Each structure stands twice: as C-alpha cells, then as structure tokens.
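Heads up: the sequence shown is residues 1 to 780, going by the numbering used here.
Think of the CB as a built atom: it goes at the ideal place given N, C-alpha and C, for glycine as much as any other residue.
What you are looking at is a predicted structure, and each value in this text was computed from that prediction instead of being measured.
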Amino acid sequence: MEIKRHRGQPIHTPGLILLMMLLVTFLWPTVSVAEEKADRVKLTVQPGLSGLYKVGMPAGLEITINNQGQGFKGLLVIEPVNKRGQGSRAGMRFQKSVEIPRGSEITTNMTVSGDILNMETMVVLLVDGAPVTASPIQGTAVNGGLIALSLGEKPLRGGIAAWLDNTFAGQTTVKFLAPAHLPQDPLELGLADIIIVDDQALAGLTQSQIKLLKDWVYLGGMMILSGGAGSQDNGPFSDISPVKAVEQKVVSADLGGLQLVRGNLVVTTGELIRGDVLTKVNGDVVVASHNLGKGRVVYSGVALESLTSESAAIWPLVFDTNLINLREAQSLKQINNDVLGNAASYLPQLKTPPVPQVILAWAVYIVVVGPGLYYVLKRHDRRDWMWWLIPACAVATTVVVYLLSPAQRINAPISQTLAVVDIMDQDTAWVNATAAFVSPYGGTLNVQGAKGAMVWPSNNYANNQKAPVIHYDDKSAPRLSYPDVEYWSMRLARASAIKKDLGSIGGKLIFDDGFIKGKLENRSKLDLRDCRIVLGDRTLTIDKIPAGGTVEINQSLDQWRASLGPNDFRNEMVPPQIPGERDLYLRERQMLDSVLHSSIYGTEHSTALFLGWSDNSLGMFKILSDRQDVRDYNLLLMKQELEVELPPGKIVQLPPGMLQAKMVDSKGAYEQNPLGYTLFEGKLTLAVNLNRPFGDKSYRVVDMEFSPQQSGNLTVKIYDWQQTKWVEIPSAGQKIESDELQRFHSPFGECRILVEKNTGAGKTDRIILPAISVEGGMNP
1 MEIKRHRGQP
11 IHTPGLILLM
21 MLLVTFLWPT
31 VSVAEEKADR
41 VKLTVQPGLS
51 GLYKVGMPAG
61 LEITINNQGQ
71 GFKGLLVIEP
81 VNKRGQGSRA
91 GMRFQKSVEI
101 PRGSEITTNM
111 TVSGDILNME
121 TMVVLLVDGA
131 PVTASPIQGT
141 AVNGGLIALS
151 LGEKPLRGGI
161 AAWLDNTFAG
171 QTTVKFLAPA
181 HLPQDPLELG
191 LADIIIVDDQ
201 ALAGLTQSQI
211 KLLKDWVYLG
221 GMMILSGGAG
231 SQDNGPFSDI
241 SPVKAVEQKV
251 VSADLGGLQL
261 VRGNLVVTTG
271 ELIRGDVLTK
281 VNGDVVVASH
291 NLGKGRVVYS
301 GVALESLTSE
311 SAAIWPLVFD
321 TNLINLREAQ
331 SLKQINNDVL
341 GNAASYLPQL
351 KTPPVPQVIL
361 AWAVYIVVVG
371 PGLYYVLKRH
381 DRRDWMWWLI
391 PACAVATTVV
401 VYLLSPAQRI
411 NAPISQTLAV
421 VDIMDQDTAW
431 VNATAAFVSP
441 YGGTLNVQGA
451 KGAMVWPSNN
461 YANNQKAPVI
471 HYDDKSAPRL
481 SYPDVEYWSM
491 RLARASAIKK
501 DLGSIGGKLI
511 FDDGFIKGKL
521 ENRSKLDLRD
531 CRIVLGDRTL
541 TIDKIPAGGT
551 VEINQSLDQW
561 RASLGPNDFR
571 NEMVPPQIPG
581 ERDLYLRERQ
591 MLDSVLHSSI
601 YGTEHSTALF
611 LGWSDNSLGM
621 FKILSDRQDV
631 RDYNLLLMKQ
641 ELEVELPPGK
651 IVQLPPGMLQ
661 AKMVDSKGAY
671 EQNPLGYTLF
681 EGKLTLAVNL
691 NRPFGDKSYR
701 VVDMEFSPQQ
711 SGNLTVKIYD
721 WQQTKWVEIP
731 SAGQKIESDE
741 LQRFHSPFGE
751 CRILVEKNTG
761 AGKTDRIILP
771 AISVEGGMNP
C-alpha cells in the first residue's frame, strides 16, 4: 500500500485507526473504575472525644468509610494541606492501610498529633496511589484547658459546668459523651481530665468500658461517681470507690450550710473504705475521695444535678488541689515532654578514646614527630625530603585515627530503647519508652514500634522534606520512616502502650517487731536485677529476681541508712558521677528521677515502692534493616506499689517520711522531692492523715514523735484543733502520746504541721516529718 503525503493534509491509515481503537478499549475501563470509586466512596472524620482535642497531645480520629462499589485496598493519609509556615511538625505525615469490602461501611481509628489537627488538615483515601475521596478534619481545640466529660446527661443539668467555667476563666470544656463513643484505648481517653459517671451512664457501660475507665483513672484522670454510682457492694466501681454505698437518706438541702438551698435532698451514703472524707452531714459521709495511681476517684453521695453553681463550699472540696495533680499527670502525656530524650541519646556502649589521651597523642605528634623527623633527615643529609615526608606522616596518622573511630567500625544502624514500666494491677502495665536511632550510612531509616502502641517522633525538624512518616496497620505493628537521614546522624522516637500480658510482682510486706518481712514473687516476664524497695526515705536492696523467681525479705528497719537529701537518696540506688570521668550511669539516673518525681503526686498513704531493672525493652522499638549486624541496646525500669500490712494488735513505728504529707499553704521558697520538702525561706503548712495511715481504717495511730532539729533555723508547730491555735514543738523534739493526740487532728483525721524558717535564709533545710507509731487490727 502506497501512502502519499500532502502538505497540510492529515494521514489516515487503517493501522492508525486500529491503534486508536485499541487504546480507547484498554483505557476506558480504567477511567470508569476510578470515577466509580470516587462516586461510590464517602469519607467522614471525627477527631478526639466528641470532636475535642488538645494541641500538643496525641489525639484519636474516628474515620468512617462508606463503600457502595467494588472492594479494594487503600491508604488513608493525614497531613496539613499547606505546610509552609506551620512549624516543624507540619510536615509530619500519618497514614494507615485499610481494606474495604464490597458494599460495606467500616470504621477505623488513628492516633495523630493534636498539632496538625489545629491546622488545615485533610484525610485523603488513596487507591493505587490516586486520591479517591477526601474529608477535612474539623474539631474544637482545647489549648491549655481542662476537658470534663459526662457519660450521662443528668449531671450537666446541675451547676458543675458553670462553676468550672467561672473558676477557671473559661478554660474548661464540659460536654456529654455517650458511653458508646468511648475509645477502646485508655491512652486515647487520656485527653479527658474529668469524667462523670451516674446511674444512667452506668447502665450503658460494658465490662470492657468499666475496665477502660479504671485504667484511665490510674493514668491521671479524675472520675466523679455522681450519686455514688456503681459503689454499692459488688458494684462495678466498688473496688476503687472511697465509699461503699449502703443506703439513701433524706437530709437538709443546705447540706449543713454548704449551700444556700431550702428543702430536703436525697443522698446516698455508706461506709468509708479507702481515702479521705471531704464532708459529712449528720455524721453520714457525703463526699469522699481516693487516689488511684496518678488519678483520683471522687465519691459524691449527692447527685451532681442537685448541686448548683452557687454551692461554692462543695465544689472546692471535690476538686481542691486535685486539679494540680491532674495537670501534672497531663504534662507527662505531652508529645514534646520527652523526659528520657537526653538519656536515650547517650550511648555509653560506644567506646571512644578519652579526650586527655587524644590531646596528649596530638601534642606528642606535634612536638616529637616534626622535630624528630627533622633531626633524622638532617643527620642523613635528606632535609629536602621534609616537604613531602611530614605531610605524608600527618595524612597517615589521620587515616589511622579515621579508620579506628566508631563511625568507621560500625556499619549498621544502632538503636537504644529506654522504657519505664508502671505496673497498674496484676494484668495491666503502662509502658513509656524513648528510643534513639543512629544511622552510620544515612538514607532512609525504618523503625517498627510495638503492636497496639502509640508512636511518634521526638525530634523537631526544621526541614519539612525530612519529616518522618508514621504508618499504622490493624494487622501489624506501627512503623516510623525517616527519609533523607544524614550520614552518622541520630533520630529519636517515643512510644506509649498499655500491656495486658506483662504480669506483676506478687506478695506483700509486713512490719513486725522492728523488722520488715515478706515474700515477693516475680510473676512478670522480665528477669529483674538491681531491685530495690523504697520505703519512706530508705531503700532495701534485693539484688535480682528472675522471671518466676521468689525472694524472702527479713531485715531490721534500724539497719537502713536514712538519707539526708534527694541526691544521697538517689546515690544509694545509682552510683554518682565521678568528677573528671565519663558518666556511665546517666541513663539510669534520669530514668530513676522520672519515676521518683512522678511518685510524689497522688500518694495519700504510706506505700512501699518496688523498683527493678531489666535489659529487655518489651519490643517497644526495633530497627528494620537488611544488615546482619544491627545493634539494639535496651534498658527498662519497672515500678510497682507493694501492699504493706501490720500484725494485729502490735505497735510498729513507721520509718520517717513514710506517711506522705500534702501541702496546705506556702509562703516563700521551697522544693518538693520524693523525700518530702526542703525549705529555703518562708513557711509551709503540711497535713498528714492520721485516721487512715495505710488507707485501711483497721490501723490506728497511737503516738507521734518529733525528732530533734538538725539545725536551729526552723520553728515547728502543730495545730491544736480543740483550742484552735498553734502549739510550738521544742527544738529538742517531743513525743505526743495517744491520750493527747486527739487534740491535734480534725474529725476527719487531718493533722497540720507548720514549719517556719527564722534564720539561715537561702540555706537548705530539709523538713523532717514526725515518726508515727501505728497499731494494727484496731479501729480508730
């Protein structure tokens, strides 16, 4: 076939026409499938708790995908629309693999940073790399305020919302959240500071949600049982409620003068089981509270809908200083609050030459090699070689030092994971970990977290193009991908998880005849070493307990050396740094400080604290690499409160500082540490609960003994509740016997101690609390 071409005339051939028909045939179905997915797939997103989230904290997203077409596998991508000028975290990208069956609607959850939700952020569903549908994320940011949720509608009819709003100048958000919308993970619920449960909400809670709320309280939340909901015998919250609800009574609506209301009011009252009584009416407990872990449970025998915002005398009893503890617990959950970041980036396993030796070697080279070579060459009349021989020696020395450096001897990534485990109960543990990753060759660094954990980068990145990608998958563990990592540079990441299968330390301790006795069993999966029991301001060494192992304890309290300050106390458990030498225990010291600091808050009675170390990080982080010689270093610190008992009918003097004192008032400069309080100037008013020293009313305080003052800078007074005045304690000390002890505590058992600094302003004076003798098996 001959084809003639004419200028300006198109070429038409049967072959070209056939090729165009084939292209249309193959391309037309692809276009139609994409259009079908775009038309038949819908995406809706709700952030946080009922649309609420906090900037700087992890936030949960509930994403619903409605598919009316064919089934497919897709990728959910969450990132800001415009990254410019949004800060270092704007380039952070979260994504999750999803599988959507044909003609179905699925709901999936993701955890992202609250920072990017505060920007113009979209959720995009990709299929084969192409966007199918998208939805903006719209919610309400709570920046620096409190979030209070009511699981029932009735409590919000009262005055709690108005009182919180007036008290905290509009910095509190109060909303109703139906139990069906509670997240499954207590870490996601951690956005809430206060949760109110009433009888209506109780009826809609499942057993898993009840356990969820208990775990949430332990992590630092405050739960208010309105009308004593769930606190009756065998009730769902009877194991954590301060009061066992027994009966309902009709009392005066003014609650003994606490509110200006006439008429009568029905309250649920009962027996105090644990914690403190906050108010009574006609001898019946109305409001009580109990610390649980880092959180607090408040029993309100009065239904909150019956309290108005003008009940100014009641609300401070419910919240008081507890909100300070709530804010402290919330600060630990901040994404940027990485207390272990500095310790994780310290790698004592990498041995480098000591700096003084390097300086000495360089000085020898400068002084000896140069003049030495000159002298040798001069003797052999080869001084003309100097111009090339000395530079050659310098180059050779540099090459040797370069090849011997850690950067050249390590050819695979290195990771170090530091984990702190807080045992909540025999089945549940809270794990927080920080890991450092070093890439000696740069490029892309891939990291895997523990399944079910929240993971996020701990670094701040100035270049958005190098921001990491966080990938979640319901069927596998989360992953972090760091692109464009520079040569021999470090990245940091954090993770938080609730472990259900770790185990705990079983057993209890008993005070008997000046000894502490007991048997502890390691029911966890960890081989523990360098174990300690912290009791007041003293520590007991246990050495090691392998997994499944036991240890017997029988030691005199007099053999324990009391510490003089927080550094001495810590140095007994971690060796101090030797001046001029490398600090080999920096990691252990900072991990221990984080545990001891958090143990200050939320402790209302004496406890024994168990601490144990392990070289197992529970798989919180792992580098994904095809290199065979990847190095993973792990260090874990486990913490658990142990049960302490007294033998019935025997009197035992508790170690000083074992009963934690709470702050009532302060004027001046002071410091609070795990051992108590240090006063620099001014005065402090402290309170100790004498009615319930162990959180159990079967123990009775029989006497209180003030030790002689170590310096003459302090004046110590105790409050006489009967004569309503302060009584000064002699500097030589004083013992208050049982018959006169009644004068010095309130009907609720509160004993107040005033410590004032008269001389030596600016100097460190540790406040030594009185030693208290307790008799077991007796009612107060």
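Between V702 and S746, the C-beta spacing is not below 8 Å. Taking the C-beta atoms as reference points, G221 is found nearer than 8 Å to G295. Closest in C-alpha terms to L49, from the list D629, P131, I65 and L151, comes L151. In the three-state reduction of the DSSP assignment, A201 falls in the helix class. M620 is positioned such that its CB atom lies closer than 8 Å to that of A419.
Exposed is the label assigned to P356, since fewer than 16 other Cβ atoms lie within 10 Å of its Cβ. Taking C-beta separations shorter than 8 Å and ignoring five residues to either side along the sequence, the partners of A761 in its chain run F680 and E681, following chain order. Here the region 475-487 makes no contact with the region 499-514; the two share fewer than three CB pairs at distances below 8 Å. In this structure, DSSP gives R523 a state outside helix and strand, which the three-state scheme calls coil.
DSSP lists A495 as the beta-bridge partner residues of V455. The region 32-67 is shown to contain no whole alpha helix (DSSP H) run of 4 or more residues. Scanning its chain for C-beta atoms nearer than 7 Å, with the 5 sequence neighbours on each side dropped, one finds around S104 the residues N67, in chain order. Beta bridge pairing from DSSP links R529 with W613.
If you look at Y719, you'll find it in the beta strand (DSSP E) that goes L714 to D720. Under the DSSP definition of a beta bridge, R766 partners with T678. For the beta strand (DSSP E) assignment, the uninterrupted runs of no fewer than 3 residues enclosed by the region 206-238 are, from N- to C-terminal side, 222-226.
Counting only the Cα atoms, H181 lies some 29 Å from Q70. Secondary structure at E153: coil, using DSSP grouped into helix, strand and coil.
The beta carbons of M424 and Y218 sit closer together than 8 Å.
Residue V112 holds the alpha-carbon nearest to the alpha-carbon of A453 among L265, L684, V112 and E756.
Beta-bridge partners of T434 (DSSP): L418 and R494.
Here the alpha carbons of Q416 and M591 stand approximately 14 Å from one another. With at least 16 other beta carbons inside 10 angstroms of its own, W430 counts as buried.
Relative to N616, the option among D629, M638, Y670 and E120 whose CA is nearest is M638.
For Y472, the enclosing beta strand (DSSP E) begins and ends at V469 to D473. In this structure, the alpha-carbon of L61 lies about 23 Å from that of R102. Between the alpha carbons of V267 and A669 lies a distance of about 43 Å. Its chain contains K73 as the residues whose beta carbon lies nearer than 6 Å to that of E99, once the 5 sequence neighbours on both sides are disregarded; these appear in chain order. 8 Å or more divides the Cβ of S614 from the Cβ of L340. For M663, the pairing in a beta bridge is given by DSSP as L686. In the displayed model, A303 falls within coil according to three-state DSSP, outside both helix and strand. Fewer than three pairs of CB atoms, one per stretch, sit closer than 8 Å, so the region 148-164 makes no contact with the region 123-137.
With a 10 Å radius around the Cβ and a threshold of 16 neighbouring Cβ atoms, V395 comes out exposed. Counting of Cβ neighbours within 10 angstroms places Q710 among the exposed residues, the total staying below 16. For R379, the uninterrupted alpha helix (DSSP H) run begins and ends at G370 to R379, by DSSP.
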